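**Q** Let me begin by handing over the structure; questions about it come next.
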Amino acid sequence: MADPDGLSVEIYRRLSRQDAEGALELFEDALAASVDRPALRARLHGWHAQALLQVRRPEEASSAALRGIRAARSIGDSDGVTALRDLQTQAIAQAGALKAPPPDVTTPVGLAVAALDDGRNKAGELLALGAFRQAQAAGDDREAVLAMLALARLPHRTEAALRRAHGLADASGDMNLVTAVAKAFNAAGVEIKAKVF
């Protein structure tokens, strides 16, 4: 029987060295060896999701994160659930980015999206915030919503940015924007709160 602790340490080492391909080779054995250790399994699923994100396999990464969420929930690990939800959000964002046409880098939002696609999250965040301010100053609802949707790709910004995009799209009355925001909410697994009249 394989040693789950030894395999876990080796997976961690490989991920630390940015060797996602090498780490991926070990997950099947590590998960099989840790069948009676839900805390370790939750962590392994999280690392599996990270490795899959590094090699741009977001659908599989999202599934790994979901399995990790279930394992973390089974032992009442709320911090683990939160971290794994962040990974799932990243996987959803990456899946959307891989399917989307290349951004128009002549626009402020396009520059933000391009930076996020390249993994330059801090630059992407600053560019998206700048694009949002410019769009608001120009009264351009579409660009303001798109800037918020770009910002929503960052796990620490997802919910607040989606809610801001929802408010803007709703106020604009543009059904294309409303639909785009609804799809983003759905992809992120965030519930749109019903309006109270």
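Each residue of the sequence shown is one higher than the last, beginning at 53 in the numbering used here. Cβ coordinates follow ideal geometry from the N, Cα and C atoms, glycine included. Since we're looking at a predicted model, the values are computed, not measured.
Whole angstroms are fine: how far does the CA of M227 sit from the CA of A123?
**A** Distance between the alpha carbons of A123 and M227: 39 Å.
**Q** Grab me the residues of R125's own chain with a C-beta within less than 8 Å of its C-beta, minus the 5 sequence neighbours each way, in chain order.
**A** Taken in chain order, the residues that qualify are V133.
**Q** Once the 5 residues before and after Q140 are set aside, which same chain residues still bring their CB inside 6 Å of it?
**A** S114, A117
**Q** Which one of G219, R209, W99 has the shortest CA to CA distance from E77?
**A** W99
**Q** Report the rounded CA-to-CA distance for D192 versus A175, giving the unit in angstroms.
**A** The straight-line gap separating the alpha-carbon atoms of D192 and A175 is approximately 22 Å.
**Q** Consult DSSP for P207 and reduce its assignment to one of helix, strand or coil.
**A** Three-state DSSP puts P207 in coil, outside helix and strand.
**Q** What does a CB cutoff of less than 6 Å around A183 pick up in its chain, not counting 5 residues either side in sequence?
**A** P160, V161, A164, A199
**Q** Just reading off the alpha helix (DSSP H) that R125 is part of, what are its end residues?
**A** First-last of the alpha helix (DSSP H) with R125: 110-126.
**Q** Expressed to the nearest angstrom, what Euclidean distance is found between the alpha-carbon atoms of D71 and L136?
**A** 20 Å
**Q** In angstroms, rounded to a whole number, what distance separates the CA positions of I144 and Q102?
**A** Approximately 13 Å between the Cα atoms of the pair.
**Q** Whose C-alpha, out of R209, L83, T158, is nearest the C-alpha of R95?
**A** With distances taken between Cα atoms, R95 lies closest to L83.
**Q** Should T210 be labelled buried (16 or more other beta-carbon atoms within 10 Å of its own) or exposed?
**A** buried
**Q** Can you say whether R93 is buried or exposed, counting buried as having 16 or more other CB atoms within 10 angstroms of its CB?
**A** buried
**Q** Less than 8 Å between the CB atoms is what I'm expecting for L59 and D81, so what's the real figure, rounded?
**A** 6 Å
**Q** Identify the continuous alpha helix (DSSP H) that holds V161 and give its terminal residues.
**A** 160-169
**Q** Tell me, to the nearest whole angstrom, how far the beta carbon of R205 is from that of L168; I am working on the premise that it is less than 8 Å.
**A** 5 Å
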